Amino acid sequence: MSKKVVKVLGFSVRESQLAIKTANFSFTVKDGKELVKEAQVDSQELILAKLAGSIHAVGNLLGTTLNVDLKSIQIEVSGVVDETLEQKQLDAGVFKKIDVIVKPTSTASIIVLKEWMDAVKLACPVFANFKQQTPTIVTLVKEYDHVNVA
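Under the working numbering, the first residue of the sequence shown carries the number 2, and numbering increases by one thereafter.
Right, here's the structure in full:
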């Protein structure tokens, strides 16, 4: 029996907007909650998009508060569907596990970005709700423009 994995990819398009791409659709989330363009998106994709949008909104807010220079944030969310609950549940509990990869574009050090990400996880109510219902792992990825070799 194969695992059903649902994936969404989100990236900053404006300070308060996150463009979301799923397997079949693209749409925009504003301020982590409001869909700018309606689409016939799978409900499981919307659940993961809600998490990505919330992390994006809280991340931008805390970035400003903590003086972290965030040029953009890319968020990849994937969830393994618990097929025994697929028809019964329409929330984060429908997933066996959720993986989130956060890739901020910033001049900040990885240490500052780690502190920022920890603050986002603590301040984000949607993340807290997901983590209560489903094992949710967040991975922070810092991309470097160049490598200094000694």
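The beta-carbon is built from N, C-alpha and C at its ideal position, and this holds for glycine as well.
Note that the structure is predicted; figures quoted are calculated from it, not measured.
Item: Cβ contact (3+ pairs, closer than 8 Å) linking the stretch 110-117 and the stretch 76-83; Value: no
Item: Ser-17 in three-state terms, based on DSSP; Value: coil
Item: Close beta carbons around Lys-132, own chain, < 6 Å, minus the five adjacent residues each side; Value: none
Item: Beta-carbon spacing of Ala-109, Gln-134 below 9 Å; Value: no
Item: Sequence-distant residues of its chain with Cβ nearer than 8 Å to His-57 (five each side left out); Value: Gly-11, Ser-13, Leu-19, Val-30, Gly-33, Ile-74, Ile-76
Item: Extent of the continuous alpha helix (DSSP H) run through Leu-71; Value: Here Leu-71 belongs to no alpha helix (DSSP H); instead the beta strand (DSSP E) covers 71-82.
Item: Segments of 3+ residues assigned as beta strand (DSSP E) that fall wholly inside the stretch 82-149; Value: 96-107, 137-141
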